[in-house]
Amino acid sequence: MRRTRAWQRMLSGRRLDLLDPTPVDIEIEDIAHGLAFVARWNGQTAGDFPYSVAEHSLLVEALFGRLTPDAPAKWRLAALLHDAPEYVIGDMISPVKAAVGPDYGELDRRLAVAVHLRFGLPATVPDRVKKQIKKADQVSAWLEATQIAGFTVSEADRFFGKPDPALIEGLGIRLRPPVEVRAAYTARHAELLAEI
């Protein structure tokens, strides 16, 4: 029997095997491009542009930096790349991920390992760092929910937890064209790599 095609050609020309990804087939330009075009909240957000996973990742990295100001650049890079696998598998809302089951999680994990290794991070991020990234992710979700996804503050508090007002001071949701978000993502990636 012939094996089903499980790879995708990237704009860089790389051919990424989704079931067995290797670090050599991962390019930041492909990640940034893909994430800039993947909409969070299944595109159900207010505004003239979709709120992209790339924009979300920039916010999560900024929040992680506020939560852990002494964290080394490599963990800030891990925060920026926390949703990188979604450049090829898309962003599924949590209820859909739960319905799909563990196979989605395993696919995500394999891609994350390849991404981490490609950019000099350990295959698995330590639990203490992972928890802080998850906390930043939850705060980002709260901001997104209340500012562009139609949630009331009380709903967002219930689903994502009430954030510390000092943590989110001055932060807001940005909606930009994909080309701008892609450039901002690759620039931040380069800055963090230079600090490692």
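In our numbering, the protein residues as written are 151 to 346. Glycine included, each C-beta is placed from N, C-alpha and C at the ideal position.
With DSSP collapsed to three states, give me the class of residue i.
i	result
alanine 264	helix
alanine 156	coil
aspartate 253	helix
arginine 226	helix
arginine 164	coil
aspartate 189	Per the sequence presented here, residue 189 reads as alanine, with aspartate not at that position. Three-state DSSP puts alanine 189 in a strand.
Would the beta-carbon of residue i fall within 8 Å of that of residue j?
i	j	result
leucine 317	leucine 213	yes
glutamate 236	valine 203	yes
histidine 183	leucine 169	no
lysine 224	isoleucine 346	yes
proline 171	leucine 271	no
arginine 226	glycine 215	yes
arginine 326	glutamate 205	yes
alanine 286	leucine 342	no
valine 289	proline 315	no
glutamate 330	tryptophan 191	no
isoleucine 181	alanine 264	no
Give the C-beta separation of residue i and residue j to the nearest angstrom, bearing in mind that I take them to be a contact with Cβ-Cβ under 8 Å.
i	j	result
proline 173	arginine 268	4 Å
glycine 193	isoleucine 298	Incorrect: roughly 11 Å between the Cβ atoms, too far for contact.
Residues in its own chain within less than 8 Å of residue i by CB, not counting five upstream and five downstream?
i	result
arginine 338	Leu208, Glu211, Leu230
glutamine 158	Arg165, Leu166, Leu168, Val238
lysine 247	Tyr254, Gly255
threonine 336	Ile178, Glu179, Ala182
isoleucine 243	Trp191, Asn192
Output needed for residue i: all residues of its chain with C-beta closer than 7 Å, excluding positions within five of it in sequence on either side, in chain order.
i	result
alanine 291	Phe310
Within the same chain, show all residues whose beta-carbon is closer than 6 Å to that of residue i, passing over the 5 residues directly before and after it, in chain order.
i	result
proline 328	Ala186, Phe187
histidine 266	Ala273
Inter-stretch contact (C-beta, 8 Å, three-pair minimum) for the segment 296-304 and the segment 221-235: Fewer than three Cβ pairs drawn from the segment 296-304 and the segment 221-235 lie within less than 8 Å of each other, which leaves the two stretches out of contact.
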